[in-house]
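> Taking our numbering, the leading residue of the sequence shown gets 36, the next gets one more, and so forth. Pasting a structure here, questions to come.
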Amino acid sequence: MDTPRRRSGFTLIELLVVIAIIAVLIALLLPAVQAAREAARRSQCVNNLKQLGLGVHNYESSNGSFPPGSRANYGTWLVFLLPNIEQQALYNAYNHYGNDGANMMPGTSEGLFRYNGAVNITVTSTRVNAYLCPSDGGNTSLNTYGALGMLVTSQNYVGNFGNTNKNQETITDNGVTYYFRDAPFYNIRGNRASGLAAGNLARTATIASIDDGLSNTMLFSEVIVGQSKPKNDLRGFSHWGGGCGFSGFLTPNTSKPDWLSNAGYCNYDPTTGNTINPPCTVTTRDMFAARSKHPGGVNVAFCDGSVKFIKNSISFPTYQALSTARGGEVVSSDSY
36 MDTPRRRSGF TLIELLVVIA IIAVLIALLL PAVQAAREAA RRSQCVNNLK
86 QLGLGVHNYE SSNGSFPPGS RANYGTWLVF LLPNIEQQAL YNAYNHYGND
136 GANMMPGTSE GLFRYNGAVN ITVTSTRVNA YLCPSDGGNT SLNTYGALGM
186 LVTSQNYVGN FGNTNKNQET ITDNGVTYYF RDAPFYNIRG NRASGLAAGN
236 LARTATIASI DDGLSNTMLF SEVIVGQSKP KNDLRGFSHW GGGCGFSGFL
286 TPNTSKPDWL SNAGYCNYDP TTGNTINPPC TVTTRDMFAA RSKHPGGVNV
336 AFCDGSVKFI KNSISFPTYQ ALSTARGGEV VSSDSY
């Protein structure tokens with residue numbers, strides 16, 4: 036009589052053990068995969084900032100100065116830098132007619148020439164990869180601020196407007212007075228801290244004006260794009276003059292809120308959590324901190340074209356010194 040053959044195969048227990056081992060291996064590998072992906076995204080962010088730094092130097096070589104920081108609602112450094120980041124056609128499509136909305140052709144509306152105006156919306160609604168950090172997944176939707184829905188892009192990179200606030204004013208905090216010590220970018224409509232006359236709206240920085248040294252002065256850093264749905268958070272809304280810069284008064288990724296001048300600019304919905312943490316607050320000081328989705332700090336382009344990772348733990352005096360162009364501070368390279 037023939038002996039019955041046993042069928043080869045896994046028992047249920049053996050199969051469960053194999054599945055458990057695979058699950059453990061996946062759990063061990065997943066953080067490494069995520070870390071590798073973030074390293075690649077951070078590397079792309081560094082490359083973007085290097086491209087912007089090189090673009091500023093090319094602009095300076097052609098025009099004798101750095102680009103304007105902000106002309107309020109009529110063009111920020113993003114527009115002026117376009118030809119130097121291989122976006123000449125986009126720059127040519129932008130209409131710079133008038134000066135901050137003044138001297139308009141008779142019969143025309145100054146609103147036509149704003150960032151969301153009919154003659155410029157084609158440019159400001161176009162996404163430019165060099166202005167976007169791949170680590171911020173919330174930067175892909177168009178901002179719909181306002182009743183009419185402004186379909187304008189938001190960006191992750193902001194210019195250094197100095198050590199005080201966006202309007203580059205003297206400010207006092209907790210009894211300490213902070214004087215504006217110049218910067219690579221100027222709010223050319225609002226700067227009064229350096230004795231500018233009301234008619235002198237065209238001030239821009241030059242290489243020679245960076246007295247603290249190009250390698251000791253920040254040029255660009257990052258912000259996290261605010262989410263405009265269902266309500267409004269205008270951080271990263273950098274075609275708007277109020278959103279194109281950061282201040283050295285708030286250290287990187289600080290737990291302190293960003294300061295915006297109007298409640299409608301940080302009108303987030305706390306029930307959905309659809310905003311940056313921490314949320315913004317309303318003051319007349321108008322300043323943003325550099326923020327990023329990179330663990331532990333932010334990428335910063337310096338005026339010499341180098342890009343460095345600035346940790347969240349940087350001391351406030353050192354960060355203030357790096358944000359000034361004519362502060363006269365001594366900054367050690369091992370302090371950040």
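Glycine residues also receive a C-beta, built at the ideal position from the N, C-alpha and C atoms. Bear in mind that the values here come from a model prediction, so they are computed numbers and not experimental data.
Please identify the residue among Ser105, Ala107, Thr161, Ser100 whose C-alpha is closest to the C-alpha of Gln122.
Comparing Cα positions, the closest option is Thr161.
> Check the DSSP bridge columns for Glu257 and list the partner residues they point to.
Paired residues: Tyr192.
> Three or more C-beta pairs closer than 8 Å, one from the segment 159–173 and one from the segment 314–325: is that the case here?
Result no; under three Cβ-Cβ pairs closer than 8 Å.
> Can you give me the start and stop residues for the beta strand (DSSP E) that Val365 sits inside?
Val365 -> no beta strand (DSSP E), and no H or E assigned at all.
> Starting from Thr212, follow the beta strand (DSSP E) in both directions and report where the run begins and ends.
Where Thr212 is concerned, the enclosing beta strand (DSSP E) stretches over 211–213.
> Which one of Ala75, Glu49, Pro352 has the shortest CA to CA distance from Thr199?
Minimum Cα distance to Thr199 is reached at Pro352.
> Which residues does DSSP list as the beta-bridge partners of Cys301?
Cys301 pairs with Asp268.
> Would you mind sorting Val211 into buried or exposed? The rule is 16 or more other CB atoms within 10 Å of its CB.
Answer is exposed; the Cβ neighbour count stays below 16.
> My guess is that Cys301 and Cys315 are in contact by the Cβ rule of under 8 Å, so how many angstroms apart are they, rounded?
Cys301 to Cys315, Cβ: 3 Å. Contact.
> Classify Thr353 as helix, strand or coil using the three-state DSSP reduction.
In the structure shown, Thr353 sits in a helix (DSSP, three-state: H, G or I).
> Here's the rule I'm using: 16 or more other beta-carbon atoms within 10 Å means buried, otherwise exposed. How should Arg77 be labelled?
Buried is the call here.
> Check each candidate in Gly340, Ile345, Ala243, Thr289 and name the one with the smallest Cα separation from Asn83.
Nearest of Gly340, Ile345, Ala243, Thr289 to Asn83, Cα basis: Gly340.
> Measure the CB-CB distance between Gly194 and Phe255 and report whether it falls below 7 Å.
Going by C-beta atoms, Gly194 is nearer than 7 Å to Phe255.
> Would you check if the distance between the CB atom of Pro410 and the CB atom of Pro313 is smaller than 7 Å?
Within the shown structure, residues of the chain are numbered from 36 to 371, placing residue 410 beyond reach of any answer.
> Could you give the C-beta distance for Ser130 and Phe148, rounded to a whole number, given that I count them as a contact under 8 Å?
A small correction: the amino acid at residue 130 is Asn; Ser does not occupy that position in the sequence shown. Indeed, because the Cβ distance is near 6 Å, the residues count as touching under 8 Å.
> Between the beta-carbon of Gly278 and the beta-carbon of Phe272, is there less than 7 Å?
Contact: yes.
> Given that a residue counts as buried once 16 or more other Cβ atoms are within 10 Å of its Cβ, and exposed if not, what is Val366?
By the neighbour-count rule (16 or more Cβ atoms within 10 Å), Val366 is buried.
> Determine whether the beta carbon atoms of Asn127 and Asn93 lie at a separation below 7 Å.
Against a cut-off of 7 Å, the Cβ pair of Asn93 and Asn127 comes out as no contact.
> Do Val114 and Asn151 count as a contact pair if the criterion is CB distance below 7 Å?
Their beta carbons are not under 7 Å apart, which means Asn151 does not touch Val114 by this criterion.
> May I have the straight-line CA-CA distance separating Gly225 from Leu295, to the nearest angstrom?
Confidence at Gly225 is low in this model, with a pLDDT of 45, below 50, so the placement of that residue is unreliable and no value is reported for it.
> Taking 7 Å as the limit between beta carbons, can you name the residues of its chain near Gly172, skipping five residues before and five after?
Within the same chain, Gly172 has no close Cβ partners at all.
> Report all residues from its chain with a CB closer than 7 Å to the CB of Asn108; omit the five preceding and five following residues, and keep chain order.
Cβ within range, chain order: Arg149, Tyr150, Trp275, Gly276.
> With distances taken Cα to Cα, identify the nearest neighbour of Thr286 among Gln190, Ala124, Gly197.
That would be Gly197, whose Cα lies nearest to the Cα of Thr286.
> Look at the alpha carbon of Asn267 and the alpha carbon of Tyr371, and state the distance between them as a whole number of angstroms.
Answer to the nearest angstrom: the Cα atoms are 34 Å apart.
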